[in-house]
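J.:
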Amino acid sequence: GVDLLIPNSTIFYDEISGICFGQKKYNLSVKGMPSLPLSNLLLLSSQSTLLQQLCICIKLNWIVLLNGPRLNGKSSVVETLGLLGQSSLKRMRLNKETDASELLGSYEQVLDYKIIEECFDEFCNILENPSVIGLPEEHSRTALKDLKNIEKTDVHKLRCKIIQIAALVNAESQEKLNIIASKLSKVYLRFEWRSSVFVEAYKNGF
1 GVDLLIPNST
11 IFYDEISGIC
21 FGQKKYNLSV
31 KGMPSLPLSN
41 LLLLSSQSTL
51 LQQLCICIKL
61 NWIVLLNGPR
71 LNGKSSVVET
81 LGLLGQSSLK
91 RMRLNKETDA
101 SELLGSYEQV
111 LDYKIIEECF
121 DEFCNILENP
131 SVIGLPEEHS
141 RTALKDLKNI
151 EKTDVHKLRC
161 KIIQIAALVN
171 AESQEKLNII
181 ASKLSKVYLR
191 FEWRSSVFVE
201 AYKNGF
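Heads up: the sequence shown at position 177 corresponds to 177 in the UniProt record's numbering, and the numbers run straight through without jumps.
Structure, rendered in structure tokens:
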């Protein structure tokens with residue numbers, strides 16, 4: 001068959017194709033002009049051929065297995081490709097001691113941290129206006145001081161403090177605090193499957 005890979009050590013940028021390795025058909029799409037001066041980058045013919053092959057695999061969303069002896073440039077060529085393609089590079093070690101959870105993924109404990117933080121911030125904002133909510137300033141200062149010692153993820157302590165303050169404020173503010181406490185009561189610990197870096201790369205083609 002015809003060898004479609006013509007070794008060429010030139011790396012250049014094209015507005016349409018992006019970063020090109022030797023020819024425009026061996027390209028990586030990028031967001032903009034690379035910060036590296038490409039005119040100073042020259043590759044060996046063996047490196048150029050490998051980069052072209054990797055470009056083809058990336059376009060086709062194929063998984064790549066680089067096989068060879070240690071310290072012969074497998075990692076560096078992937079790092080070069082990631083750097084020029086303006087992509088973040090994720091690493092994982094794979095050896096005889098790697099267990100299934102590292103390779104495939106595992107279940108992890110998950111809390112709705114965003115909801116907790118929103119409730120925490122809303123509560124603090126209410127306390128910072130004691131005259132509006134009908135709370136003595138001394139109680140407001142004490143509550144804000146107590147909140148500094150409560151972790152934002154401690155749902156139980158935060159909810160108890162909100163209920164405690166709700167009993168001391170006016171009706172309008174009490175209603176707001178009850179809504180916040182109700183949101184927190186719906187936050188619970190659950191388990192979610194988290195795929196490994198390898199599985200995510202295999203599924204999404206990166």
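Ideal placement from N, C-alpha and C gives every residue a C-beta, glycine not left out.
#1: I need the straight-line Cα distance from GLU137 to PRO130, nearest angstrom please.
#2: Would you please state the rounded distance, in angstroms, between the beta carbons of ILE126 and LYS176? I believe it to be under 8 Å.
#3: Quick one: which unbroken beta strand (DSSP E) runs of 3-plus residues sit fully inside the region 8-33? Chain order, please.
#4: Looking only at its chain, what residues have a beta carbon closer than 6 Å to the beta carbon of VAL197, apart from the 5 residues adjacent to it on each side?
#5: Which two residues bound the contiguous beta strand (DSSP E) that contains ARG190?
#6: Just confirm the distance between the C-beta atoms of LYS74 and GLY68, as a whole number of angstroms; I'd bet it's less than 8 Å.
#7: With distances taken from CA atoms, which of CYS55, GLN47 and LYS31 is nearest CYS20?
#8: Let me confirm a value: PHE123 is counted as buried when at least 16 other C-beta atoms fall within 10 Å, else exposed. Which label applies?
#9: Is VAL155 near VAL187, with beta carbons less than 8 Å apart?
#10: Taking the beta strand (DSSP E) that VAL132 falls in, what are its first and last residues?
#11: With H, G and I counted as helix, E and B as strand and the rest as coil, what does DSSP make of SER88?
#12: So, using beta-carbon positions, are GLN174 and ALA166 closer together than 8 Å?
T.: Working from what's here:
#1: Reading the sequence shown from its first residue, position 137 is the one you call residue 137. Reading the sequence shown from its first residue, position 130 is the one you call residue 130. Straight-line Cα distance between these residues: approximately 6 Å.
#2: Locating residue 126 in the sequence shown gives position 126, where the first residue counts as 1. Locating residue 176 in the sequence shown gives position 176, where the first residue counts as 1. With a Cβ gap of about 6 Å, ILE126 and LYS176 count as contacting.
#3: 11-14, 18-21 and 23-28
#4: Residue numbering aside, residue 197 sits at position 197 when the sequence shown is read from its first letter. So the list reads LYS90 and MET92, once near-sequence residues are dropped.
#5: The residue you call residue 190 lines up with position 190 of the sequence shown. Taken as a continuous stretch (DSSP letters only), the beta strand (DSSP E) holding ARG190 covers 190-195.
#6: Indexing the sequence shown from 1 puts residue 74 at position 74. Indexing the sequence shown from 1 puts residue 68 at position 68. 6 Å between Cβ atoms; contact.
#7: As a position in the sequence shown, residue 20 is number 20, starting the count at 1. Of CYS55, GLN47 and LYS31, the residue nearest in Cα terms is CYS55.
#8: Taking the first residue of the sequence shown as 1, we reach residue 123 at position 123. It is buried - the Cβ of PHE123 has at least 16 other Cβ atoms within 10 Å.
#9: Here residue 155 refers to the residue found at position 155 of the sequence shown. Here residue 187 refers to the residue found at position 187 of the sequence shown. Yes, these two residues count as a Cβ contact at 8 Å.
#10: Along the sequence shown, one-based indexing puts residue 132 at 132. Run containing VAL132: none in the beta strand (DSSP E); it sits in the alpha helix (DSSP H), 130-133.
#11: Looking up residue 88 in the sequence shown gives position 88. Coil at SER88, not helix or strand.
#12: For the purposes of this step, residue 174 is taken as the residue at position 174 of the sequence shown. For the purposes of this step, residue 166 is taken as the residue at position 166 of the sequence shown. Against a cut-off of 8 Å, the Cβ pair of ALA166 and GLN174 comes out as a contact.
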